[in-house]
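Heads up: the structure comes next, in structure tokens.
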Amino acid sequence: MPSVPRHVAIIMDGNGRWAARRKLPRIKGHEHGADSVRAVVRACRDAGVRYLTLYAFSVENWVRPPAEIRALMGLLEQFLKEREDELHKHRVRLRVMGRIEDLPRAVQRELRRVMSATASYGEGQLIMALSYGGRTEIAAAARAIAHKAQAGAIRPEDVDEATVAAHLYLPDVPDPDLLIRTSGELRLSNFMLWQLSYTELYVTDVLWPDFREAEFRQALEAYGRRERRFGDIKPC
Ligand code: IPE
Ligand code: IPE
Ligand code: MG
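Count along the sequence shown starting at 1, add 4, and that's the number in the numbering used here.
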């Protein structure tokens, strides 16, 4: 029985290209991408993946045209409204990683509402990375540690990896075991720079709106064939 990753993180990329290939507006790509989110959430549940982190909007994505940003935020609100029942049914906890305060008020409200309504669930966690940047996250952790040091609550010589990890957005979430990036780009685009240090990478040319259960299963199968060594000489 191949090992199942405990935590899968996904850079959901290629919505715009999917639409462009069909001569459709980019928004249509995002709409179909939202269906892939639904499919992958279900597939995670079926496979027994406990944590799913989805990179939905980066700190850099704010430079996009306002109409596209509005459409993405609208889709997010719609997703929350439509999927809340399913989160309750399967006791999945929704969490956000990123600068939630940057998001439109209505979206923040909806996110906070669903997050608190699902806060006690432990079957699985759906983590949405929103207005997220890996460097922003690490800088915020450094700032928080510096404040504590200034206040005398921590000694600079005691700051180690565990201290930094404890000041990230979601310190209780284990590092991703598998990172999937769709649409073939070979870069991290500022995603989870700290947490991905020993994560297995899986890049597929499939565009996000075409990435469904079968593609997800393939990624899990590829993960099952990997040898994780963590610097050692034999697989762990
Ligand atoms: C991913 O698809 C969605 C977001 C980044 C919000 P893109 O919109 O980046 O699609 P491409 O990369 O232009 O094809
Ligand atoms: C990464 O995709 C961000 C998300 C998927 C939310 P981008 O499309 O923004 O990444 P780059 O700009 O191609 O690196
Ligand atoms: Mg892109």
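We treat Cβ as the ideally placed atom computed from N, Cα and C, and that holds for glycine.
Remember, predicted model here, so these are calculated numbers, not experimental data.
Is H11 near D181, with beta carbons less than 7 Å apart?
A contact, by the Cβ cut-off of 7 Å.
Who are G78's beta bridge partners in DSSP?
G78 pairs with nothing; no bridge assigned.
May I have the straight-line CA-CA distance separating D176 from L211, to the nearest angstrom?
Spanning the two alpha carbons is a distance of roughly 31 Å.
Applying the criterion that 16 or more other CB atoms from any shown protein chain within 10 Å of the CB defines a buried residue, is Y227 buried or exposed?
So Y227 counts as buried.
I believe V100 touches L80 by the beta-carbon criterion, under 8 Å. Please report the beta-carbon distance rounded to the nearest angstrom.
The Cβ separation is near 10 Å, so there is no contact.
Note the first and the last residue of the continuous beta strand (DSSP E) segment covering M132.
Taken as a continuous stretch (DSSP letters only), the beta strand (DSSP E) holding M132 covers G128 to Y136.
If you check the beta carbons only, do Y173 and S62 fall under 7 Å apart?
Taking 7 Å as the Cβ cut-off, Y173 and S62 do not qualify as a contacting pair.
Kindly examine ligand 1 and report whether one of its heavy atoms sits closer than 6 Å to the Cβ of D209.
Result no, Cβ not under 6 Å from ligand 1.
When the distance is taken between beta carbons, is L197 closer than 7 Å to G156?
No; because the gap between Cβ atoms is not below 7 Å, this pair is not in contact.
When the Cα of T1 is compared with those of R232, A144 and H34, which residue comes out closest?
Because the chain in this structure spans residues 5 to 240, residue 1 falls outside the shown range and cannot be described.
Could you tell me the alpha carbon to alpha carbon distance between R33 and A75, rounded to whole angstroms?
In the sequence on display, residue 33 carries Gly and not Arg. Using only the alpha carbons, I get a separation of about 11 Å.
Thinking L84 and I14 are a contact (beta carbons under 8 Å), I'd like their distance in whole angstroms, please.
Not quite, the Cβ-Cβ distance comes to about 18 Å (not below 8 Å), so this is no contact.
To which residues of the same chain is R21 closer than 7 Å at the C-beta, ignoring the five residues directly before and after it?
Excluding residues within five positions, the ones whose Cβ falls inside 7 Å are S187 and L211.
Between G52 and chain D, is there a C-beta pair that is closer than 7 Å?
In summary, chain D is missing from the structure at hand, where a single protein chain is found.
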